[in-house]
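Quick note on numbering: the sequence shown equals residues 703 to 1013 in our numbering.
Idealized CB from N, CA, C, for every residue including glycine.
It should be emphasised that the depicted structure is a prediction, and the values quoted were computed from it without experimental measurement.
Quick notes on the structure that follows.
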Amino acid sequence: MTDCCLIYALYSDLGIKTDEKRKVLEMTVEKKIIEKQYFSDIEAILSHKQDNGADYWATPDKNLIKGSPFSTLESVLYLLDLGLNPDDPVLKACAELIFSVWREDGRLKLTPKSAIYPCHTTHAASILCRMGYSSDERVKKTLQHLLDTQYHDGGWRCNKFSFGRGPETEYSNPHPTLNALDAFRYSNDFGKEPALDQAVDFLLSHWTIRKPIGPCHYGIGKLFMQVEYPFRSYNLFFYVYVLSFYERARKDSRFLDAFHALESRMSDGQIVVQRINRKLSGLTFCRQGEPSALATLRYQEILKNVEPNTL
């Protein structure tokens, strides 16, 4: 069976409409968007599409981060990593769903029954930019909002203090800051903003501080140092990957320390997944304890970003 027929059969089994199947066929023939070995992973992810009560991994009231690790935003991330084209009908529908919770001030309300936190907006911005929407006027407004609300230490933080109000909570939250930088790297309009150097400096300082900081207590310890893929949480691999896109980081010894720490966890030039959510254990592209070809592609991006004379 040809690649396009396999995709067609997969979407037929999952109840995708005929006109949507035709679009998938056209894209597959033209771009060869998916390697055959990952069809089963895509099928597994799509099988959870209505687990949360509505379509596209959402709840009926449009909670887009509930149901981890199969929330809307997470599932989009997996499908993109697996090679699904952003113009695919499923991903187009997910983009429309994400934009449906966009607010005029640039924030995104991912949870209908709680406040809008910066961690929500940075996460959604990162996903939308990965999907190719960095030039969309709504995303531009979101990125401008993030610049306008940057904390004095260069990062982004939520005014929610689940761990009390100790001195460590005066810092920004590292993970939302990393997601923000992940979004900005796609932008031709905002990607070179001087303010982003401050965000890079903040994250590099955390490599030295290491202790849990920010209202949400993100630390650099045993869990952080375990390689996680896909990029769901604040961990060494995601940290090095995003910072590698920023010249200010690439020239810094702290980044190089993190880079070499990542390399020390590799096997025969391949990224080995050390930590994964147990509900993702059945997926072939990110098996715990095994090399991941797709994760290794991310590592190769890092190598392209890091100039040879800085190693």
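Look at residue 782 here: in three-state DSSP terms it is helix. Proximity of the stretch 771 to 786 to the stretch 737 to 757 meets the contact definition, three or more beta-carbon pairs being nearer than 8 Å. Three or more Cβ pairs drawn from the stretch 842 to 858 and the stretch 879 to 891 lie within less than 8 Å of each other, which places the two stretches in contact.
Check the Cα spacing between residue 815 and each of 969, 968, 762: the tightest is with 762. Take residue 813, set aside five residues on each side of it, and the residues of its chain with a beta-carbon closer than 6 Å to its own are 765, in chain order. Close CB contacts of residue 782 within its chain, under the 8 Å cut and outside five residues either way in sequence, are with 788, 793, 832, 833 (chain order). Membership of residue 742 in the alpha helix (DSSP H) is indicated by the continuous run 741 to 748. Only residues of its own chain outside the window of five on either side were considered, and among them 880, 883, 884, 887 have a CB closer than 8 Å to the CB of residue 944, listed in chain order.
If you draw a 10 Å sphere on the C-beta of residue 854, you find fewer than 16 other C-beta atoms in it, and that means exposed.
Nearest Cα to residue 868 within the set 918, 817, 850: 918.
Taking all protein chains shown into account, residue 863 has fewer than 16 neighbouring C-beta atoms within 10 Å of its C-beta and is therefore exposed. Relative to the Cα of residue 891, the nearest Cα in the group 860, 926, 838, 974 belongs to 838. In the DSSP assignment, residue 915 is bridged to 920. Cβ contact annotation for residue 936 (same chain, cutoff 8 Å, sequence separation greater than five): 876, 877, 880, 920, 926, in chain order.
In the DSSP assignment, the residues bridged to residue 810 are 804.
Here DSSP, grouped into helix, strand and coil, assigns residue 930 to strand.
Under DSSP, residue 977 forms a beta bridge with 930. Nearest to residue 829 by alpha-carbon distance, out of 860, 857, 932, 865, is 932. A check of alpha carbon separations from residue 895 across 992, 950, 756 identifies 950 as the nearest. If you check the CB distance, residue 870 and residue 820 do not come in under 8 Å.
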